[in-house]
Amino acid sequence: MPVSGSKSAFSKYYTQIVKECDEAVGWDCVESFDKKGQTMTVLLKDESERIHHIYVNFAQDTFTSTIDTDQVPLSTGLFRYMEQQKKHCYQMSDTWDILDDLDATLCVLQPVHPKRSDLSRRIAISHMATALFEVSPERYYPKLVVYGPAGFVGPLNLRAKELKNIWVTPSGGNGGGGRSVRDNLELVLSMELPRKEEGFDGSDIMLECGICLSFEVEDEAADQVCTNDSCARPFHRQCLIQWLTTKEDTRQSYNTFFGKCPYCSGVSYKYSILLCRNNIASPFV
């Protein structure tokens, strides 16, 4: 327990938080108390035995946590804030089960260090394709979109639309007997996915944007892929728009650009800000 004589150095909520630790929360769950930095870290264990961290910032008078991205004022009270976080954990439990299962078995490319608030994963499908896997507590099934050469990913994206019809949660909570995320995906895609335990890390997959040579720009992956199978170069949407608008041979009709791929320049394509077809394609179409 911190020395009460130090309370003048902290916010007006210091006494309230200390009292809650004495009477309601308990000091056993307090992992650290930094008087100089005016911060406090509290551990929270949910019903699935997952450990989460709650951060008390006396300098800014806010609560934050590893559970979500919100900042909550200290006036809420520590006990009440912890109860809110426990409720959120309960609501997210099945969703986190799915993501934990995926993280443990498949090759996750993005995010590199996922947070509890990250509800999507970019995973390796093969040496030439990746997929965006997105789960939500509001849906009983995830969304899946595959990126790569059109000839390869076209049939996969048609199959991916059937995921909602075959999806069974790892716990079997929607009436099934339980099926792993990997088994669900392999069933709908009719292919064997790279195993994390086999050492597949996706290092040889072409992920960098063909224009800026970066994988991520402002948290967005290079997900616009040239569908010419001999090229299949990915681009960031904004990079591609900027490239096209600087080329004299690019034509524009409303929200559609007609031009050439920055890599296989001999092949024409049309690119739409909303929809992408022909050589530059969005699997969302």
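This note's numbering numbers the first residue of the sequence shown as 1188 and each following residue consecutively.
Beta carbons: idealized from backbone N, C-alpha and C, even for Gly.
Quick caveat: nothing in here was measured; it's all calculated off a predicted structure.
What residues in its chain sit with their C-beta under 7 Å from that of residue i, if we drop five residues either side in the sequence?
{"i": "GLY1213", "result": "none"}
{"i": "TRP1430", "result": "ILE1398 and PRO1449"}
{"i": "ALA1246", "result": "GLN1225"}
Where do the N-terminal and C-terminal ends of the alpha helix (DSSP H) with residue i fall, by residue?
{"i": "GLN1271", "result": "1265-1292"}
{"i": "ASN1352", "result": "1350-1353"}
{"i": "TYR1201", "result": "1201-1207"}
{"i": "THR1432", "result": "1424-1432"}
{"i": "GLU1373", "result": "1368-1376"}
Please list the terminal residues of the continuous beta strand (DSSP E) segment that includes residue i.
{"i": "CYS1413", "result": "1411-1413"}
{"i": "PHE1320", "result": "1316-1321"}
{"i": "ALA1311", "result": "1307-1313"}
{"i": "LYS1330", "result": "1330-1334"}
{"i": "VAL1340", "result": "Premise fails: VAL1340 lies in the alpha helix (DSSP H), 1337-1347, not in any beta strand (DSSP E)."}
{"i": "HIS1239", "result": "1238-1244"}
For residue i, count the other beta carbons within 10 Å of its own beta carbon; 16 or more makes it buried, fewer makes it exposed. Which is it?
{"i": "ASN1352", "result": "exposed"}
{"i": "ILE1238", "result": "exposed"}
{"i": "VAL1299", "result": "exposed"}
{"i": "THR1317", "result": "buried"}
{"i": "THR1356", "result": "buried"}
{"i": "ALA1337", "result": "buried"}
{"i": "LEU1400", "result": "exposed"}
{"i": "SER1313", "result": "buried"}
Hey, residue i and residue j are a contact pair by Cβ (cut 8 Å); roughly how many whole angstroms apart?
{"i": "PHE1266", "j": "GLU1207", "result": "5 Å"}
{"i": "LEU1331", "j": "ARG1308", "result": "Between ARG1308 and LEU1331 the Cβ distance is about 10 Å, and since that is not below 8 Å, they are no contact."}
{"i": "LEU1343", "j": "LEU1380", "result": "Wrong, their Cβ atoms sit about 11 Å apart, outside the cutoff."}
{"i": "GLU1325", "j": "SER1280", "result": "Not confirmed; about 14 Å, so no contact."}
Skipping 5 residues on each side, what residues in its chain have a beta carbon closer than 6 Å to that of residue i?
{"i": "TRP1354", "result": "TYR1328 and ASN1371"}
{"i": "ASN1361", "result": "For ASN1361, the predicted structure reports a pLDDT of 49, less than 50, and the residue's modelled location is therefore unreliable. A value from the coordinates is still provided. Cβ within range, chain order: TYR1327."}
{"i": "LYS1232", "result": "ILE1238"}
Please report how far the alpha carbon of residue i lies from the alpha carbon of residue j, in whole angstroms.
{"i": "ARG1382", "j": "ARG1420", "result": "24 Å"}
{"i": "LEU1374", "j": "THR1282", "result": "20 Å"}
{"i": "SER1323", "j": "ALA1311", "result": "21 Å"}
{"i": "VAL1368", "j": "GLU1270", "result": "30 Å"}
{"i": "ASN1442", "j": "CYS1276", "result": "42 Å"}
{"i": "THR1251", "j": "GLN1278", "result": "18 Å"}
{"i": "TYR1201", "j": "MET1227", "result": "11 Å"}
{"i": "ALA1291", "j": "LYS1199", "result": "44 Å"}
{"i": "ARG1438", "j": "THR1432", "result": "9 Å"}
{"i": "ILE1285", "j": "LYS1274", "result": "18 Å"}
{"i": "ASN1466", "j": "LEU1319", "result": "Here ASN1466 scores only 40 on pLDDT, less than 50, and its place in the model should not be relied on; the value that follows carries that caveat. Computed Cα separation, rounded: 20 Å."}
{"i": "ARG1366", "j": "ARG1303", "result": "22 Å"}
{"i": "ASN1244", "j": "GLU1210", "result": "20 Å"}
{"i": "ARG1424", "j": "THR1253", "result": "30 Å"}
{"i": "LEU1461", "j": "PHE1445", "result": "Residue placement at LEU1461 cannot be trusted, given a pLDDT of 36 that sits under 50; the coordinates are not used to answer."}
{"i": "VAL1404", "j": "ASP1215", "result": "42 Å"}
{"i": "SER1469", "j": "PHE1220", "result": "Unreliable positioning characterises SER1469 in this predicted model, as indicated by a pLDDT of 35, which lies under 50. The coordinate reading is nonetheless provided below. Near 49 Å, if we compare the C-alpha coordinates of PHE1220 and SER1469."}
{"i": "TYR1334", "j": "LEU1345", "result": "12 Å"}
{"i": "SER1440", "j": "GLU1321", "result": "33 Å"}
{"i": "LYS1223", "j": "GLN1297", "result": "36 Å"}
{"i": "ALA1347", "j": "PHE1339", "result": "13 Å"}
{"i": "ASP1473", "j": "GLN1258", "result": "Shown here, the chain extends from 1188 to 1472; a query on residue 1473 therefore has no answer."}
{"i": "GLN1272", "j": "ASP1436", "result": "55 Å"}
{"i": "GLY1341", "j": "VAL1412", "result": "12 Å"}
Once you ignore the five residues that flank residue i on each side, which residues in its own chain have a CB closer than 8 Å to its CB?
{"i": "VAL1149", "result": "What is shown of the chain runs 1188 to 1472, which leaves residue 1149 out entirely."}
{"i": "CYS1396", "result": "PHE1402, VAL1404, ALA1409, PRO1421, PHE1422, HIS1423 and CYS1426"}
{"i": "MET1306", "result": "Residue identity differs from the one stated: residue 1306 is Leu in this sequence, not Met. Excluding sequence neighbours, LEU1306 sits near THR1282, LEU1286, GLU1321, VAL1322 and SER1323."}
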